[in-house]
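2 protein chains.
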Amino acid sequence: MYIAPTRDLLFAATELADLQGVAALPGHEEVSEELLQVILDEAGKFASEVLAPINHSGDIQGARFSDGKVITPDGWKEAYHQFIEGGWNGLPFDIDRGGQGLPWLVSAAVQEIWCAANMAFGLCPLLNQGAIEAVGSHASEEQKATYLNKMVSGKWTGTMNLTEPQAGSDLGAVKTKAVKKGESYLISGQKIFISYGDHDLTENIVHLVLARTPDAPEGVKGISLFIVPKFLQDENGNWVVRNDVETLSIEHKMGIHGSPTAVLGYGNNGGAVGYLVGEENRGLMYMFTMMNAARHTTGVQGNAVAERAYQQAARFAADRVQGKAIENLMGDRVAIIEHPDVKRLLLVQKCRIEPLRSLALFTASAMDKAARHLDEQEKKRAQAFVEIMIPIVKGYSTELGLENVSLALQIHGGMGFIEETGAAQYYRDQRITPIYEGTTGIQAMDIVGRKLVRDGGVMAAMTIDMIAEDLSSFSKDDRIEKMVTSLRVAIVELQSSIAHILKLAAENPQLPAAVGEPYLKLWGVFVCGWQSAKAASVAVGKLVDDSDDIFYQNKIDTARFYFSTEMPKVNYYVSMIHTSGELIVGMDSAQFAVN
Amino acid sequence: MYIAPTRDLLFAATELADLQGVAALPGHEEVSEELLQVILDEAGKFASEVLAPINHSGDIQGARFSDGKVITPDGWKEAYHQFIEGGWNGLPFDIDRGGQGLPWLVSAAVQEIWCAANMAFGLCPLLNQGAIEAVGSHASEEQKATYLNKMVSGKWTGTMNLTEPQAGSDLGAVKTKAVKKGESYLISGQKIFISYGDHDLTENIVHLVLARTPDAPEGVKGISLFIVPKFLQDENGNWVVRNDVETLSIEHKMGIHGSPTAVLGYGNNGGAVGYLVGEENRGLMYMFTMMNAARHTTGVQGNAVAERAYQQAARFAADRVQGKAIENLMGDRVAIIEHPDVKRLLLVQKCRIEPLRSLALFTASAMDKAARHLDEQEKKRAQAFVEIMIPIVKGYSTELGLENVSLALQIHGGMGFIEETGAAQYYRDQRITPIYEGTTGIQAMDIVGRKLVRDGGVMAAMTIDMIAEDLSSFSKDDRIEKMVTSLRVAIVELQSSIAHILKLAAENPQLPAAVGEPYLKLWGVFVCGWQSAKAASVAVGKLVDDSDDIFYQNKIDTARFYFSTEMPKVNYYVSMIHTSGELIVGMDSAQFAVN
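Structural data, given as structure tokens:
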């Protein structure tokens, strides 16, 4: 059972993430609170009725590979057809390509719902979305006419083919070859970890493949991007000619069993026909275009699975009767939710999930402004904010997501370890989110390297200023003022950490890399505190008119708990940033050898 | 591949956990460093050659249930027979029962090796050990003569039957019935989550079952303990008559697939024959006898699986070539162990695993002293220490164990999520350790309730004094003195937290319960810091003579890293203890309702 948190999504979008501001952007005039409400209600209904019911069965049955073909779990096909008929696939894409033309802010809210209801299913449109962006931004008009409408409608799906056995995070090591032949290229090589790299949901699949032409420069500067359809056109224009791309196997994964992860062999019979996107050797740059959205969505996913696990744990805790209340040991047994330690476990999850949700939506809102704002200064500020937040939304949401699903499982006791209960699936599924679309280590390198050392802290300072300014608008209620004080102290700590890292960078480039993860997490604790306090600040105002609304009381209570239990991590990460770098870099790799 | 960390086990036992003191106890005169070395070498060999190779295959195949019978994975039977032929089963038990009569200190070191090599296999002797203790301590001489020797040799195994569907952590809710009939009792009811509750490794299984006689008082004071053998004797004394206990199913678990977890139905055909252990209504007390050892071993297990996962991650990191060194981007690709963030991930694991290991051995050593020391004062001090440490060894080792196996998986990137790699198995297997033998929440209630509020902090103060005294003997080396200063600050924080919790307890018994887990973890960080600094202090001395030994240099480096990255958690937990209790208790359970 899954109930989409539509009220909280609506609250986060309208009260915290400036839906009004997004609706004021050119091209988004149709956006309104009412429209969002309708969309979320419909998405919630579809998620609860169609996607959630096949989540557990999809895990048990899994995607299968037989006779060279991939078969998705029972119910997947029907659900997919309903999904694309509902027009869900094209939500954020151009109306003239058949999309709905809605902002990322709306799309991100809906993405949470799909990923929570059925992460393995939701991965298919999620990957397709990335492919659409790459094609939409860099392909020729002719290529767009051929592929884009079908991908936007969901009639065909797109895949991202980056990884090879020797090239995981290190794309400079890509070896797949592309040899020009007439108007097209012949592609050969092996790609691994291709999510939905093959499936039976659509008639065709559009692979976006990174490969290297014979005379390309070495490393990341010699990678080109190709469109390689699973089926090519015959002379009558029908897409029925099998291209030379073969599904070699699908992976046996710990989680997201319903989603096939394929090993694809290109060119085992002469070469797969591929069409160059844009210019040669610019493939990695094209990929970066869609990286922000893909990483953002993966962060949303990490928090979505945590929400789903929380819902299950909260229901279990309310239903499971075990033990007496500690203050009334002579009384009847009580539901375990009455035990303080179980309340604590739920509260830890809740106080993280809600600010991570609004942070993701606020970031999506900034993505919309960075793309469309008419004021150049606002656009630039929004872009700087997005650059800093993407590794946080991706890295921090997925890392906390791991902890959260573990706490949700823990509430079930021994039942949590039994697969039938369902908590174990979330625990297994979630484990991939801090890995794919760039590991947490990669996100840490991004925020400490490209987004701090490279520009000497300019973007970071802009973002801190923006948040500091926002704090000034918060309620003057005592409880909120305490939170603001704590956030202002954190800003000082963050600034001193930034100064320290810039100093380290001047000494030895290894040192910032060694403290990248605590730096990312320091940001994470801080910005979630900001979002948490902001929600509480709004709630204080709302309660003046409606003092009974438990939703707003919850916002204040969970924020207070956040500042009691999460915010003190600031000092912990600051200490790591200031003292651990030299120790790490000083270790010789031989010191880790096993006996 | 698994290599037992024999040098570190030997170091921890002799230099940190007072092997000499244990060897001075009556009955342990044969114990020596040389003997321990021989035992560890042999155990390590057996683990690497016999148990480790069937760990992954046992996970894939799993225990199976067919025609009412349980079949263990291929190779399990042969390994078990070699295990008992080697005399490993009886290590800590009386020589006159066929055991080796060795101290817990030695047994704990060997247990780590079994659990690391093959957790699912190691669970069988582990549970048997608990059953042996219960029978050995409370059964009649006749019962001992009948069952004990066979259990000590491992010819038969014992099981612990506590949990029922409605009674997990709450044993007062046990409903299984025991009705006296002549010399024995007829047992009926259902028991769940019985590890190795049925299997094909031995000819007979000795179930220890908690049940309630018809006129027993309600709750925990009305529970009795029974021996219920799977097979009873026929008139010729052969154990061939099937008792009325039926295996109804085995659980489909997330991990430890090789170990069958049975649902047992007692008395579906009139009643299973059971023999009362000791007196009626004292069953729970008898169970508590073995609880300390069982919880201790589970803590060892949590750290053992983390060690295994660390070994795999360290090897992977040394072998996997990806990316350039950040300080030499024009150079060749390097093994990922050269990347600072990967070094950091390994170091985090290492700096926790080693002190958790020595803490478990130090605690085992105190268990030996509490059992055998001739000086009553020493005995009492040792017992107080054991009481405080058991929930820490259990709760903290398993909670950090979860984080550690997750970091080990993370180092593998996408490969970590693929089952063939092996890292995923440790991640799945480990997840049960903070649940069984009492969840972390139960351990927290133990340390904050029974071990703090109940005695007003007497045992806690004794333990703190003992550690404070120990610190005075540490090296005066600058690096070590910094650690000692940090530990003395932590002592002040711990004492103020204790005072605060005792004040809370006087206000409302829910409040200490709400902060039990941060209190447990505060202890955990502190005592691991103590062990870490102690190891470094010893290492400083050793390096005077042998300045090249990387083993000792490692001790200093990992301790410094511990004090940089783990020790700052002290403030974090202290903050939670001081500020979060009221917030948790103030939450109404309705506030957690999903929409």
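In the order they appear, the protein sequences are chains A and B.
Heads up: the first sequence at position 37 corresponds to 37 in my numbering, and the numbers run straight through without jumps.
Convert by adding 1000 to the 1-based position in the second sequence; the result is the number in my numbering.
We put the beta carbon where it would ideally sit given N, CA and C, even for glycine.
A/L162 is outside the set of residues whose beta carbon lies under 8 angstroms from a beta carbon in chain B. The three-state secondary structure of A/H296, taken from DSSP, is helix. Along the stretch 177–198 of chain A, going in chain order, the ones with a CB nearer than 9 angstroms to a CB of chain B are I192 and F193. Fewer than three beta-carbon pairs drawn from the stretch 1272–1280 of chain B and the stretch 1358–1375 of chain B are found closer than 8 angstroms, and the two stretches are therefore not classed as touching.
As for any alpha helix (DSSP H) of minimum length 4 sitting wholly inside the stretch 206–264 of chain A, there is none.
Straight across, the Cα-Cα distance linking B/G1401 with B/E1378 is about 32 angstroms. Residue range S1184 to S1195 is occupied by the beta strand (DSSP E) that includes B/Q1190. Inter-segment contact for the stretch 1252–1270 of chain B and the stretch 1308–1326 of chain B is absent: fewer than three beta-carbon pairs are separated by less than 8 angstroms. B/I1227 and B/I1194 have their C-alpha atoms spaced approximately 15 angstroms apart. Taking a C-beta cut-off of 7 angstroms against chain A, the contacting residues of the stretch 1561–1584 of chain B are F1561, S1564, T1565, P1568, K1569, N1571, Y1572, S1575, M1576, T1579, S1580, L1583 and I1584, listed in chain order.
Taking the C-beta atoms as reference points, A/G44 is found nearer than 8 angstroms to A/I113. Residue contact with chain B for A/E251: present (Cβ-Cβ distance below 8 angstroms to some residue of chain B). Sequence-distant partners of B/I1095 (beyond 5 residues in either direction) whose C-beta falls short of 7 angstroms from its own C-beta, in its chain, are G1101.
The closest CA to that of A/F592, considering only B/L1345, B/E1437 and B/Q1591, is found on B/L1345.
Within the stretch 377–461 of chain A, the complete alpha helix (DSSP H) segments at least 4 residues long are 423–430 and 440–445, listed from N- to C-terminus. Residue state for B/F1065 is assigned as strand, using DSSP reduced to three classes.
Here B/A1559 is buried. Its C-beta has 16 or more other C-beta atoms within 10 Å. Under the Cβ distance rule, B/F1417 counts among the residues neighbouring chain A, one pair being separated by less than 8 angstroms. Here DSSP, grouped into helix, strand and coil, assigns B/K1555 to helix. For A/D234, the closest Cβ of chain B is not nearer than 8 angstroms. Counting only the Cα atoms, A/G529 lies some 46 angstroms from B/A1052. With the criterion set as a beta carbon lying under 9 angstroms from some beta carbon of chain A, the members of the stretch 1498–1527 of chain B are N1508, P1509, Q1510, L1511, P1512, A1513, A1514, V1515, G1516, E1517 and P1518, in sequence order. The shortest CA-to-CA distance from A/A505 to any of A/Q495, A/Q129 and A/R454 is the one to A/R454. Following the DSSP letters along the chain, one finds B/N1571 inside the alpha helix (DSSP H) bounded by residues K1569 to T1579. In this model, B/G1302 and A/P518 are separated by some 25 angstroms (Cα to Cα). For A/T485, the uninterrupted alpha helix (DSSP H) run begins and ends at D478 to E507, by DSSP. Pairing A/G62 with A/H257 gives a Cβ-Cβ distance under 8 angstroms. Taking 8 angstroms as the cut-off, the Cβ atoms of A/N128 and A/G58 do not count as close. For A/T440, the residues of chain B that pass the 8 angstroms Cβ criterion are Q1410, in the order they occur in the chain. In this structure B/A1116 is in contact with B/R1308, their Cβ atoms being roughly 4 angstroms apart against a cut-off of 8 angstroms. Against chain B, the CB of A/D170 has a partner CB under 8 angstroms away; the residue lies at that interface.
In the DSSP annotation of this structure, the continuous segment of the alpha helix (DSSP H) that includes B/K1369 starts and ends at P1340 to R1372.
Rounded to whole angstroms, the Cβ separation of A/K555 and A/A536 is 5 angstroms, and the two are in contact under 8 angstroms. At a cut-off of 8 angstroms between beta carbons, A/P434 contacts chain B.
Relative to the Cα of A/T363, the nearest Cα in the group A/I411, A/V305, A/A293 and A/G413 belongs to A/A293. Taking a C-beta distance under 8 angstroms as the contact criterion, A/T163 and A/G197 do not qualify as a contact pair.
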